Structure formats: structure tokens, C-alpha cells
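Visitor:
There are 2 protein chains.
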Amino acid sequence: MSTHHYYQLQGYFRELIELKTLKSGSKLPSEREIGEQFKLTRVTVRQALQNLEAEGLIYRQNRKGWFVTPPAVVYNPSSHLSFNLYVTEQGFVPHTEKLMQQIEPANAYIAQLMNIPEHAPVLYLHRRRYINQRPVLIEKMYINTRLLPGIEKEDLTQSLSQLLKNNYQREYRDMDLVFKSTSLPSSAADDLGISAGQPGLHIERINYTADKQVLEVDYEFWRHDAVTINIAIRD
Amino acid sequence: MSTHHYYQLQGYFRELIELKTLKSGSKLPSEREIGEQFKLTRVTVRQALQNLEAEGLIYRQNRKGWFVTPPAVVYNPSSHLSFNLYVTEQGFVPHTEKLMQQIEPANAYIAQLMNIPEHAPVLYLHRRRYINQRPVLIEKMYINTRLLPGIEKEDLTQSLSQLLKNNYQREYRDMDLVFKSTSLPSSAADDLGISAGQPGLHIERINYTADKQVLEVDYEFWRHDAVTINIAIRD
DNA sequence: CAGTGGTCTAGACCACCAC
DNA sequence: TGGTGGTCTAGACCACTGG
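From first to last, the protein sequence lines stand for chains Z and U. In this text, residue positions in the first sequence follow my numbering: the first is 89, and each later residue adds one. In this text, residue positions in the second sequence follow my numbering: the first is 89, and each later residue adds one.
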């Protein structure tokens, strides 16, 4: 079938990765080195690498080089497990970094969802989350401070679901989820240290309390290769 | 921020598309023409176009050119609506084509799920689905013929959920869903008439009957720009 | 058959990274 | 400071599309 050069090169690396000759997380040779070995120009080498990136087998860190993608974590929103818990359970090491936090006036959309006046204060929280030292997820969220007074004074790098349970006797229940496969917006790409325009997974999540009030509105931007979504629907 | 040539070109087309100067489904000028207009080489023009493709704003059809992406359809698996229904409801025109159909022996995975002996016959069905004449989805499914005897003699371009309801008094109930953002496998890309390696959305779905038997195992490959997933989780 | 997108060559310069 | 990835030029040939 296709005997294009980039296609053969993809096959070459795919095999090395599947056989674990190239181990998860390890660095590929430089583009020039690969080109020399296969007598190809960098343009062709890069096409192959970019296709493998779209496939999720390799990824790049800004100007550092190409690396073999580690296994994806399985994210099951309906399990109500926190990021820290499900990442740990699957044998990875989670880490969370707070990039920004501020009280700000709710925009029309958020205000309507939370049933509060427009411009009423909400807590905006911006976090970066890691799996095994690799930044995989940018989170931007709006938290209903009326239901969670004083939450802005807590340590907001911790699991919010734990915090809600321990300090407010509240738990996540119902959720509305929207998934869209699209490229990362440049702000999120910058935060993840990758070049803009890379494929990504965008999730919008609305969390409700048991009595149907909106606790939190969440925007998540995942590296597309870092996560698999798993949902069980039981009526 | 970035003043790279491809970046500016992306901004140019993004604006035309957002202002609807370039309407949904319309064709962009040829790559050479764009290059001439902006004094750029084709390599640079193509980088901009490929980024816009990752963003989901434009798409290409094999060797035919670049087109403005129509709005995505919203797919809500928990609503149990058939493809034909939800596509129609959202103002689009659905169409289904049967590519292949055959009775074949179940592999180990399918057999275990369906609780039937390995190599027992199952119905394999391979379909292509369109929205407004545009092929957006490849479906490969394994159907439990024990629960649905004679189904292979029906018209299998129609909605399976309708067929189940009308002829077998069965309905889809519980489902297990797995989503993964990855590039399209070359077989699916060929079926969709796009070049391999394009980003895509892969869905695996297991459909259960009310009494927890596996009716059907479904593998779906979507154009990544054609669909938004929407799920409500209610415990 | 003219023009298109798909593939590829052989260079170049730059900003940034690791040493 | 040498080497890397990111960007870009100026060509080329091919397979295929559409008139």
C-alpha cells in the first residue's frame, strides 16, 4: 500500500515503541540524526513525527525534543473520584500546581447557571496538573462561593472533592459534561509547555449539589494523548 | 503575540470564517493562490491550513481542496436517540451506507462479553454515516445474533435502535463508553476519504439489554471536527 | 489536459537549551 | 557555544480531479 517515506518512518518508530525498544518517556534521536540515518530531509522526518504525535505515540516538549508517550490515564467522571485518587490508583504520580486564584465578578453565563446576580463574586481558580512530572491538564474553574464560604482561604492545590467533603459536608453528584476534540487554545498550550495548535481534548463540566445547585463550572484542557474517557451509563 | 507568517494567515482565515465571509462548506482558494497572495511558500501555507484543521475550522477532502467545516453535531449517548433522530433534530440531514455485512466467528473479547463460545457466529456490520452529504463517521460493530435472530436479513442501513424496538421489542439501556482522541486508523481514514493521520475521535461502546446481556459492541471513528459529546450524569 | 493537493529535496536563519 | 527544534524559502515530481 502506501510506500511514502514518512509512512515507512512511522512504521519504524511504531515498531520500536511497541516492542519497548524505545521505552515510555525516552527521547528520540534528533530530527537531523534521523534524517541522516534514513537519507531524508527534515521536512519529511517532521511529517512522520507529527503523524505519530497525532496518533499519540510520541509527544514533544517545546524545543527539547521528541519523547515516547507514557500510557494514558483513564478518567471516569461518573466514578466521582478525585484526580489525585484515580491517577494514584492507576500507578501514576499526580501533582497539582495553582497558577492563579482570585475572586471575580461572575459573567452572564456563570451567573445564570449558579442562580446568582451577574457580577456577583465567584472564585476563579486556574491550575496545572501533572502525571509523573509531565504537565497534562490545565483547569480553569469558577466556584460558587455562596455555597462554599471561605473556600478561597483553603489550600487550593488539594483535591476539591476532598475539601468539599471534609470542610463543607458536600459531595459532587450530578454533572453535565461536554467533550470536544480540538486543538489547544494558545493560552493552555503555553501553560502545558507545548506549541499551539497541537491536538487536545476540551472538557466542560458543570457540577451540581444533591439539591441541584451549581457548585462549580470547570473547563479542562488535556493533552490529547494523556487521557482516555470511560463512562458507564446506567439509567 | 506570535508574528509568524503561518500564525497571521491562520488569523486571517479565522476571521473570514467567524464573520461568515467564508461560509460553512465553501471552498478555500488553492494553496498556490493563497501563497501568491501573501507571498508565502506552499509549505508555510500548508502549516497554517493544517493548524486550522486541527482547530476544526476547516477540513480537506482527499485532493479536492480545503473547505470550511460545518457546525458539529451534538451526540448525547445517554439520550438513547438514534443517529438519524439526533442529527435530524439538530437541523442536519443524516444518511447511512452499509459497507459490509457478514456473519463471522466471535473473537475472544467479543465472545466473553456476549457470554457465548469463542468462534460462535456474530453479525459484523460496517457502515459509513453522513451528515449533509459529508462522511463523518465509520462504524464497525458486532451484534449478538442470539438475542436478535434473523437480524442479518433486515435492512441494516436503518437505525438499529428503531429496528430493535419494532421487531424485537428490545431497547438500548445501559452502556459502557470509552472515548479516545487519536488519529484515524488508515482503514477508517480511507473510508472517510481523508488522508491517514488526521486527528479523530474513537469511541468504543458496549450496549446492554435491560437484563444486562450484551446486545452489541460498537467501534466508532469520527472526524474530530464533526461531533461534540454531551453527557449528563445522574446518580 | 490544466490545475490541484500530496510528497519531497536541499538548503537557510533564528531562539532557545543544555553543557 | 554547539546543537536542537521551529520557521521558512524555492524549487520539484506525481497522482488525481474536474472540466
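Just so you know, even glycine gets a beta-carbon here, dropped at the ideal spot from N, CA and C. These figures come from a predicted structure and were not determined experimentally.
Using only the alpha-carbon positions, how far apart do phenylalanine 171(Z) and glutamate 143(Z) sit?
Guide: 24 Å
Visitor: Looking at chain Z, is there any beta carbon in it that lies within less than 8 Å of the beta carbon of aspartate 323(U)?
Guide: yes
Visitor: Alanine 276(Z) to aspartate 306(Z), Cα distance in whole Å?
Guide: 14 Å
Visitor: For chain U, is any of its Cβ atoms less than 8 Å away from the one on arginine 261(Z)?
Guide: yes
Visitor: Would you say lysine 241(U) lies against chain Z (beta-carbon separation less than 8 Å)?
Guide: no
Visitor: Which of the residues in the region 262 to 273 of chain U, read from start to end, lie with their CB under 7 Å from any CB of chain Z?
Guide: Against chain Z - using a Cβ distance shorter than 7 Å - the residues of the region 262 to 273 of chain U are Asp262, Met263, Asp264, Leu265, Val266, Phe267, Lys268, Ser269, Thr270, Ser271.
Visitor: Taking the CB atoms as reference points, tell me whether threonine 233(U) and isoleucine 239(U) lie closer together than 8 Å.
Guide: yes
Visitor: Determine the burial state of methionine 188(Z): buried for a count of at least 16 other Cβ atoms within 10 Å of its Cβ, exposed for fewer.
Guide: exposed
Visitor: Mind checking tyrosine 197(U): buried by the 16 CB within 10 Å criterion, or exposed?
Guide: By the neighbour-count rule (16 or more Cβ atoms within 10 Å), tyrosine 197(U) is not buried but exposed.
Visitor: Answer with buried or exposed for lysine 333(U), where buried requires no fewer than 16 other C-beta atoms within 10 angstroms of its C-beta.
Guide: Summary: the structure shown does not reach residue 333(U), with chain U confined to residues 89 through 323, and so no result is reported for it.
Visitor: Any C-beta of chain Z sitting closer than 8 Å to the C-beta of threonine 129(U)?
Guide: With 8 Å as the cut-off, threonine 129(U) does not count as an interface residue toward chain Z.
Visitor: Nearest-angstrom Cα distance between valine 131(Z) and leucine 251(Z)?
Guide: Taking the straight line joining both Cα atoms gives about 50 Å.
Visitor: Along chain U, in chain order, which residues have C-beta atoms closer than 8 Å to that of threonine 132(Z)?
Guide: Going along chain U, no residue has its Cβ under 8 Å from threonine 132(Z), so there is no contact; the nearest lies around 12 Å.
Visitor: For proline 165(Z), return the contacting residues in chain U, with the cut-off set at a CB-CB distance below 7 Å.
Guide: Ile321
Visitor: Evaluate methionine 89(Z) with the Cβ neighbour count: other Cβ atoms within 10 Å of its Cβ, from every protein chain shown; 16 or more gives buried, anything less gives exposed.
Guide: Low per-residue confidence applies at methionine 89(Z): pLDDT is 49, beneath 50, and the placement is therefore not dependable, though the value from the model is reported in the following sentence. Methionine 89(Z) is exposed by the Cβ-count criterion.
Visitor: By the criterion of Cβ-Cβ separation under 8 Å, what are the contact partners of proline 287(Z) in chain U?
Guide: Ala142, Ser269, Pro287, His312
Visitor: Figure out for me which residue from Lys111(U), Lys186(U), Tyr100(U) has the closest Cα to the Cα of threonine 157(U).
Guide: The option with the nearest alpha carbon to threonine 157(U) is Lys111(U).
Visitor: Where do the N-terminal and C-terminal ends of the alpha helix (DSSP H) with arginine 120(Z) fall, by residue?
Guide: 119 to 126
Visitor: What residues in its chain sit with their C-beta under 8 Å from that of glutamate 242(U), if we drop five residues either side in the sequence?
Guide: Leu251, Asn255
Visitor: By how many angstroms is the C-alpha of valine 181(Z) removed from the C-alpha of serine 114(Z)?
Guide: Serine 114(Z) and valine 181(Z) have their C-alpha atoms some 18 Å from each other.
Visitor: Can you name the start and end residues of the alpha helix (DSSP H) that glutamate 103(Z) belongs to?
Guide: 93 to 106
Visitor: Please give the ranges of any alpha helix (DSSP H) in the region 224 to 259 of chain Z, keeping only runs that are unbroken, at least 4 residues long and fully inside the region.
Guide: For the region 224 to 259 of chain Z, whole alpha helix (DSSP H) runs of length 4 or above, ordered along the chain, are 248 to 256.
Visitor: Threonine 184(U) to proline 159(U), Cα distance in whole Å?
Guide: 19 Å
Visitor: What separation, rounded to the nearest whole angstrom, lies between the Cα atoms of leucine 140(Z) and glycine 285(U)?
Guide: 8 Å
Visitor: Measure how close the beta-carbons of serine 249(Z) and histidine 168(Z) come, nearest whole angstrom, since I'm counting them as under 8 Å.
Guide: Contact annotation, serine 249(Z) with histidine 168(Z): C-beta distance approximately 7 Å; criterion of less than 8 Å satisfied.
Visitor: DSSP three-state label for leucine 137(U), please.
Guide: helix
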